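According to our numbering, the sequence shown holds residues 26 to 504 in order.
Note that the Cβ used here is the ideal one computed from N, Cα and C, for glycine as well.
This structure is a prediction, so every number in the text was calculated from the model and none was measured.
Heads up, the thing below is written out as structure tokens.
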Amino acid sequence: MKRIVGLSIVVLIVAGAIVLFLPKGGVSAANAATISVLNGDVTAQHGSAPFGPAIDGDIMSTGDVVRADRAGRAVLAFFDGSTLSIEPGSEVKVVSLARVGGDGIQVTIEQTLGRTWASVSKLKTPDSKFELKTPTSTAVVRGTTFETLVEVVNGQTVTTIKTDEGEVLVQAVAGGQTTVGAGQQVQNQQNQPAPNSPTPQPPTPRIRFGAATGTGITVIDPNNRKCGGELRQIPHCDTTGGGASIGEVVGGSYTVMMTAAQAVPDAQLTAVGTRGATQDFSITLPRALGIGDLIRTTTTVAIASDGKLSAGAFAPPVQISSVCGAEATGRVFSSGTLDERSSALKAFAASNKGQPAAIVVTESEVSKVAQDGVKSLNGPAAISDVNVKIDGAGLHLGAKAAAGPITVDANGDVIAGTSNGQLLMKVRGLDLGPLPGAIKDQLVAALDKQLGEFAQSFPLKVDRVALRTGCLAIIGTAK
26 MKRIVGLSIV VLIVAGAIVL FLPKGGVSAA NAATISVLNG DVTAQHGSAP FGPAIDGDIM
86 STGDVVRADR AGRAVLAFFD GSTLSIEPGS EVKVVSLARV GGDGIQVTIE QTLGRTWASV
146 SKLKTPDSKF ELKTPTSTAV VRGTTFETLV EVVNGQTVTT IKTDEGEVLV QAVAGGQTTV
206 GAGQQVQNQQ NQPAPNSPTP QPPTPRIRFG AATGTGITVI DPNNRKCGGE LRQIPHCDTT
266 GGGASIGEVV GGSYTVMMTA AQAVPDAQLT AVGTRGATQD FSITLPRALG IGDLIRTTTT
326 VAIASDGKLS AGAFAPPVQI SSVCGAEATG RVFSSGTLDE RSSALKAFAA SNKGQPAAIV
386 VTESEVSKVA QDGVKSLNGP AAISDVNVKI DGAGLHLGAK AAAGPITVDA NGDVIAGTSN
446 GQLLMKVRGL DLGPLPGAIK DQLVAALDKQ LGEFAQSFPL KVDRVALRTG CLAIIGTAK
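Shown next as structure tokens:
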């Protein structure tokens, strides 16, 4: 789920003093991590609270835990741009997470079981750190990509670290350390010291997507993980030199989005599947791109019993008119008023049950939903200037709350995403500074009611919510 984040709070007390009140109602994503639930059942624990369904776009901070079931996948995105992809059957805990020195980060993750893939941004300050602890070892990095696998073999915990880029210093709990470079791996056994040296990683199948210089590519795999540009959510994704090279190949449909900042007469898209030195397939899609063009195509990859890769031809490219709908497949409703789009979606759903579809909603339309939510309030506080701004980081809410001599620029989080196929939108961590808690409770109830009714108005089984500047897309299948 995605979130609505407010501005800083400044409270003017008419009695004569100007006081700055910092947010108390929740942890800002500017100093935490946000979770994206890709598929399956993922649960989260905030502090000492019981585990509950993880909500896409929710904020994860020190002490929080994420669990993925055997089909669950999620991504933690940290404020410095680093990401941690959490694979099925995994459990991770944010042991500590803090911003240091302005843009620096100090984070310690504890992984007790399963597999993760870390894409760590280059650390910006000398006191920054990114470390991942397991029952047998600690991996310390300063900017790299690496996989961590924790499994129990014959009653003993074993940790395997595989480095794709940069170096990882692996320190064993039982003593010793190993430096693991790109293309290398190390395995640490429970109660055993670190090996003296790493070993080479065995070769794996790979698909390389590429296009002409000046073309941007993002690939979404069958598990909704992305690879392209700064996004490296797919294990063993490599974006060096442009394009997207996928080092963990799964069977299914791959979506490719292409764009260009300048005209590219021959932006031919290619995909090449290999196993070591053996090339299994090569497909191409000739295409000219104009300035700002955004197109989407797909190809279906199959893996034979002997491991051989094959791929179908690229589907005819679709020109995307709304950047919000770029990630969606199937019918995208992005034109006309919201009422017109909603009516068209309902008509489509009536005769196309189970077909992929998406609807685009603009920030002005979300603002109106929030504005309608406060109209029914009859309490001691007057709420005004409600507005919502949307970008890739979330939905940012601004509003004023006035009670007696106090005026507050309200601040809070609203998460919006999917749970069991239902779109959920609700307020979290609303902060009204010194205003009474009863006012906060009344405002939260009013907003939750209006947002909930809005979320349930679309005939979609929702898979996810995609955010872009100025709009969002609700993506799923018609119901």
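Taking the continuous alpha helix (DSSP H) assigned at residue 396, which residues delimit it?
-> 388–399
Taking the alpha-carbon positions, what's the residue 508 to residue 467 distance?
-> Given that the chain is displayed from residue 26 to residue 504, the structure contains no residue 508 and the question cannot be resolved.
Rounded straight-line distance, which links the Cα of residue 398 to that of residue 471 | 5 Å
Residue 403 versus residue 498 - alpha carbon distance | 33 Å
Got a sec: is the Cβ-Cβ distance from residue 384 to anything in chain C below 7 Å?
-> In the structure shown, chain C does not exist; there is a single protein chain.
Does the separation of the CB atoms of residue 236 and residue 319 fall below 7 Å?
-> no
Where are the beta strand (DSSP E) runs, 3 residues long or more, that stay fully inside the stretch 202–281, in chain order?
-> 202–206, 209–214, 230–235, 240–245, 251–253, 269–271
Bounding residues of the alpha helix (DSSP H) (the contiguous stretch that carries residue 467) = 462–480
Just reading off the beta strand (DSSP E) that residue 63 is part of, what are its end residues?
-> 58–64
How many whole angstroms separate the CB atoms of residue 83 and residue 440, which I take to be in contact at a CB cut-off of 8 Å?
-> 5 Å
Answer yes or no: do residue 213 and residue 161 have a C-beta to C-beta separation smaller than 7 Å?
-> yes
For residue 411 versus residue 395, is the C-beta spacing smaller than 7 Å?
-> Yes; because the gap between Cβ atoms is below 7 Å, this pair is in contact.
Just the Cα atoms here: how many angstroms apart are residue 130 and residue 364?
-> 44 Å
Less than 7 Å separating the beta-carbons of residue 457 and residue 465?
-> yes
Compute the beta-carbon to beta-carbon distance between residue 372 and residue 282, rounded to the nearest angstrom, for a pair I have assumed lies under 8 Å.
-> Not really, about 28 Å apart at Cβ, beyond 8 Å.
Residue 259 versus 429, 248, 296, 317, residue with shortest Cα-Cα distance | Out of 429, 248, 296, 317, the CA that lies nearest to the CA of residue 259 is found in 248.
Whole angstroms is fine: what's the gap from residue 503's alpha carbon to residue 383's?
-> 9 Å
Three-state secondary structure (DSSP) of residue 83 | Residue 83 falls in the coil class under three-state DSSP.
Does the beta-carbon of residue 316 have 16 or more other beta-carbons within 10 angstroms, so that it is buried, or is it exposed?
-> Flag for residue 316 reads exposed.
Inter-residue spacing [alpha-carbon to alpha-carbon] between residue 119 and residue 98 | 17 Å
Residues bridged to residue 287 (per DSSP) | For residue 287, which the question treats as bridged, DSSP gives no partner whatsoever.
Using three-state DSSP, classify residue 352 as helix, strand or coil.
-> coil
Contact check, residue 238 vs residue 253 under 8 Å by CB: the rounded distance?
-> Actually they do not touch by this definition, with Cβ atoms about 15 Å apart.
Alpha carbon to alpha carbon, how far is residue 329 from residue 251? Give it in angstroms, no decimals.
-> Rounded to whole angstroms, residue 251 to residue 329 spans 24 Å at the Cα level.
Does the beta-carbon of residue 475 have 16 or more other beta-carbons within 10 angstroms, so that it is buried, or is it exposed?
-> buried
Cα-Cα, which of 393, 378, 408, 453 is closest to residue 486?
-> 378
According to DSSP, which residues form a beta bridge with residue 498?
-> 385, 491
Using DSSP with H/G/I as helix, E/B as strand and the rest coil, what is residue 483?
-> coil
Span separating the alpha-carbon of residue 327 from that of residue 263 | 21 Å
Helix or strand or just coil, what does DSSP make of residue 370?
-> helix
Measure from the alpha carbon of residue 335 to the alpha carbon of each residue in 274, 286, 409, 400, then state which is nearest.
-> 274
Near residue 146, which residues of its chain fall below 7 Å by C-beta distance, leaving aside the five closest residues on each side in sequence?
-> 105, 106, 107, 168
In the stretch 107–178, which residue ranges form an unbroken beta strand (DSSP E) of at least 3 residues, counting only runs that do not cross its ends?
-> 108–111, 116–125, 129–144, 154–158, 162–166, 170–178
Beta-carbon separation of residue 117 and residue 110 under 7 Å?
-> no
Near residue 215, which residues of its chain fall below 6 Å by C-beta distance, leaving aside the five closest residues on each side in sequence?
-> 161, 181, 182
Do residue 210 and residue 187 have their C-beta atoms closer together than 7 Å?
-> yes
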